[in-house]
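Protein chains in written order, with the numbering used here: chain A, 13 to 129; chain B, 183 to 296.
The beta-carbon is built from N, C-alpha and C at its ideal position, and this holds for glycine as well.
Quick caveat: nothing in here was measured; it's all calculated off a predicted structure.
Report on the following structure.
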Amino acid sequence: ETGVTQTPRHLVMGMTNKKSLKCEQHLGHNAMYWYKQSAKKPLELMFVYSLEERVENNSVPSRFSPECPNSSHLFLHLHTLQPEDSALYLCASSQKFRLAGFHNEQFFGPGTRLTVL
Amino acid sequence: KQEVTQIPAALSVPEGENLVLNCSFTDSAIYNLQWFRQDPGKGLTSLLLIQSSQREQTSGRLNASLDKSSGRSTLYIAASQPGDSATYLCAVSGSGGSNYKLTFGKGTLLTVNP
Chain A
13 ETGVTQTPRH LVMGMTNKKS LKCEQHLGHN AMYWYKQSAK KPLELMFVYS LEERVENNSV
73 PSRFSPECPN SSHLFLHLHT LQPEDSALYL CASSQKFRLA GFHNEQFFGP GTRLTVL
Chain B
183 KQEVTQIPAA LSVPEGENLV LNCSFTDSAI YNLQWFRQDP GKGLTSLLLI QSSQREQTSG
243 RLNASLDKSS GRSTLYIAAS QPGDSATYLC AVSGSGGSNY KLTFGKGTLL TVNP
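Put into structure tokens, the structure is as follows:
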């Protein structure tokens, strides 16, 4: 595997289910990101982890719970979601975090298409 | 709060045409600007990244320019091909301690007709 991978690619869940999204980066990066892309809206940053420490929680409801066990893996645990949470969830990684003079280019995975019934 | 606008929202051109996509942002205090391509239902592919101190970047048939003081960037695609059909996204990163935060535009949906 190369780049940033995400599983599953598609997920349908009921409002009472608990599920998890997984992201893995094979680039040796140490910062990872979760984004949400809804129809007709720009991508929204949800969470940022640097060296397994959460450094950003962009006012995301508690029904979304991120986990970063190491610098290569990132999870998004979901429970009691609402239909309006249906969206494409994208994971990204970058080599460094907040390093002055470093361009911090972000590389994205293919996304998980989530549908909440 | 940074806002990014992309014009036009959609563009349809015949194959072989040169075209320009526009991106504007409200806060000129950015660290860099990235152009991405997104195919339907897929993730984002980074095309070009321009540092705030740079004026342009080129990759193959793509050329991106940045005028930071006026809050504008353009993506120029030369000799367009049907395979260029996709949504093109512009994103700017904050300055200082927020240089990891990307603010995205809604994108321009490009269709190149054979």
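Query: Where Gly265/B falls: helix, strand or coil (DSSP); Result: helix
Query: Whole-number beta carbon distance between Phe76/A and Leu88/A, since they are thought to touch under 8 Å; Result: 6 Å
Query: Backbone CA spacing between Glu185/B and Tyr47/A [nearest angstrom]; Result: 17 Å
Query: Minimum Cβ-Cβ distance from Val24/A to chain B less than 8 Å; Result: no
Query: Contacts of Pro122/A in chain B (Cβ-Cβ under 8 Å); Result: Lys224, Gly225
Query: Residue span of the beta strand (DSSP E) that contains Val186/B, given as start and end; Result: 186–189
Query: Stretch pair the region 187–195 of chain B + the region 282–296 of chain B: three plus CB contacts closer than 8 Å; Result: yes
Query: Cβ neighbour criterion (16 or more within 10 Å) applied to Gly121/A; Result: buried
Query: Contact set between the region 83–104 of chain A and chain B, restricted to residues whose Cβ is under 9 Å from the partner; Result: Leu100, Leu102, Cys103, Ala104
Query: Assigned secondary structure, Gly276/B (DSSP; H/G/I helix, E/B strand, else coil); Result: strand
Query: Terminal residues of the beta strand (DSSP E) in which His91/A lies; Result: 85–91
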